[in-house]
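Numbering (the numbering used here), first residue to last: 729 to 1183.
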């Protein structure tokens, strides 16, 4: 059907939503005056709707700015308000995915997360950069530097090391009370240098091959997650190879450095191309990285065949285990997990629109209490550790932390390791006297591996 004869969109948001390509290679994308005008247009629609009032702190800031402005309407706010609103957006995508009735193909054409991304890119082009946050986002460099001195780095950045953390707060504005990730002296790449042998009795033996994308966080900070995933998949008979070319670029996306993200996307896709050509599936170990590979990269580089192929072959690790269970069945031997498990469904897993696959996977463990919490943790990468934004991160995360506490389970897991750590700290810091201890934190695939007794 031609553009001239194409039927108009139906009322009531009955047509399937979609996202427009990110036109970062067009100069107009960085025209700050046009970006500010588009912010006004889209914020005006949000102001008349307000369904997103209970998501991130961006929307309360937006509505307060409008309501407390001189006119009580959109014309009463301006660039300073835009900056304050944009600061609180963590690109979680929940407004676009779960709340907004006006996303494309609706004529209002609302996409707040990608508009905030454009705003940050335009401000960055204009010379406004947050040097500290950008340095924190250099995950591969930081991980490689910390690895040889992991013990010292972890001691220096530990929350209980008050003098050094106060100094770090004064110099870099990293909140002294925020728990920071620890570094591993042996990365996932080190530990899985020799691939695990696939179980010949596994139901998927000879049927499936996986290139496991370690992700920066798992490789440098939480290699146990990669080992757990590799052991669970190998037990099912899957041939597993760990592949880690470099970070997916989520920290750079949050900073508006789309050119850098696109470069990472091209290089990672090129590294996975031979595996895909040999019939390997690609499995991501953290939700944010899976979201980037499946959805964000193709919107940045829609004409790149390697990225399109990678997107089509990428699955979340729990999504993949559930698929194996339905296609081939799983190896018997899962044992109950004592004390119960609370699963936090992270925003970037929800944004993949695949359902709560980790919850579905955990439900395969027999005689185990598994509870779901589906509210934002508030962390948002550096958002949850910087002095300026940590209060908002805590504000957003407290309702989820309280829900976790009421479940009363001994283990907390999430598709996002940073969300899990943030919720765990909120629970520990705000626990009342006599309350249960802070739950143990894990990735869902680690809980599953423990149920199998392979870790």
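Virtual Cβ for every residue (Gly too), placed ideally from N, Cα, C. Please read these numbers as outputs of a predicted model, since none were measured by experiment.
(1) Given a threshold of 16 other Cβ atoms within 10 Å of its Cβ, counted over all protein chains shown, does residue 1025 qualify as buried or as exposed?
(2) Buried or exposed: which applies to residue 925, given that a residue is buried once 16 or more other Cβ atoms fall within 10 Å of its Cβ?
(3) Under the three-state reduction of DSSP, which class applies to residue 904: helix, strand or coil?
(4) Straight-line CA distance for residue 1109 to residue 1146?
(5) How about residue 1149 and residue 1169: do their beta carbons lie closer than 8 Å?
(6) Where are the alpha helix (DSSP H) runs, 4 residues long or more, that stay fully inside the stretch 1104-1162, in chain order?
(7) Take residue 758 and list the residues in its own chain whose beta-carbon comes closer than 7 Å to its own, dropping the five residues that flank it on each side.
(8) At the level of alpha carbons, what is the spacing between residue 785 and residue 1119?
(9) Provide the residue span of the beta strand (DSSP E) that contains residue 877, from first to last.
(10) Between the C-alpha atoms of residue 991 and residue 1066, what's the straight-line distance to the nearest angstrom?
(11) With distances taken Cα to Cα, identify the nearest neighbour of residue 823 among 1171, 1133, 770.
(12) Can you look up residue 937 in the DSSP assignment and give me helix, strand or coil?
(13) Quick one: what does DSSP say residue 756 is sitting in, helix, strand or coil?
(14) Could you name the residues of the same chain whose beta carbon sits closer than 6 Å to that of residue 847, not counting the 5 residues immediately before and after it, in chain order?
(15) Could you tell me whether the Cβ atoms of residue 1085 and residue 1047 are closer together than 8 Å?
(16) Can you pull the DSSP bridge partners for residue 1071?
(17) I need the DSSP call for residue 1054, collapsed to helix, strand or coil.
(18) Have a look at residue 1011 and residue 1103 and give me their C-alpha separation to the nearest angstrom.
(19) Check for me: the alpha helix (DSSP H) holding residue 996 runs from which residue to which?
(20) Figure out for me which residue from 905, 1126, 877 has the closest Cα to the Cα of residue 1114.
(21) Considering Cα atoms alone, identify which of 1040, 1080, 1064, 1107 is closest to residue 1091.
(22) Based on the DSSP secondary-structure assignment, which residues constitute the bridge partners of residue 1012?
(23) Are there 16 or more other CB atoms within 10 angstroms of the CB of residue 1143, so buried, or fewer, so exposed?
(24) Helix, strand or coil: how does DSSP classify residue 730 here?
(25) Going by the CB atoms, is the gap between residue 993 and residue 977 shorter than 8 Å?
(26) Within a Cβ cutoff of 7 Å, which residues of the same chain sit near residue 949, ignoring the five residues on either side of it in sequence?
(27) Report the residue from 874, 859, 1072, 1045 whose alpha carbon sits nearest the alpha carbon of residue 955.
(28) Out of 794, 915, 896, which has the shortest C-alpha to C-alpha gap to residue 907?
(29) Here's a check: name, in chain order, each residue in its chain whose Cβ is nearer than 7 Å to the Cβ of residue 1164, leaving out the five neighbours to either side.
(30) By Cβ distance below 7 Å, which residues in the same chain neighbour residue 1041 in space, the five residues on each side in sequence not counted?
Looking at the atomic coordinates:
(1) buried
(2) exposed
(3) coil
(4) 7 Å
(5) yes
(6) 1118-1135, 1145-1157
(7) 849, 850, 853
(8) 10 Å
(9) No beta strand (DSSP E) contains residue 877, which DSSP labels as neither H nor E.
(10) 45 Å
(11) 770
(12) strand
(13) helix
(14) 763, 814
(15) yes
(16) 1100, 1141
(17) helix
(18) 25 Å
(19) 986-1005
(20) 905
(21) 1064
(22) 941, 1044
(23) buried
(24) Because residue 730 sits at a pLDDT of 39, beneath the cut-off of 50, its placement in the model cannot be relied upon, and the point is left open.
(25) yes
(26) 909, 910, 911, 912
(27) 1045
(28) 896
(29) 1136
(30) 1004, 1009, 1010
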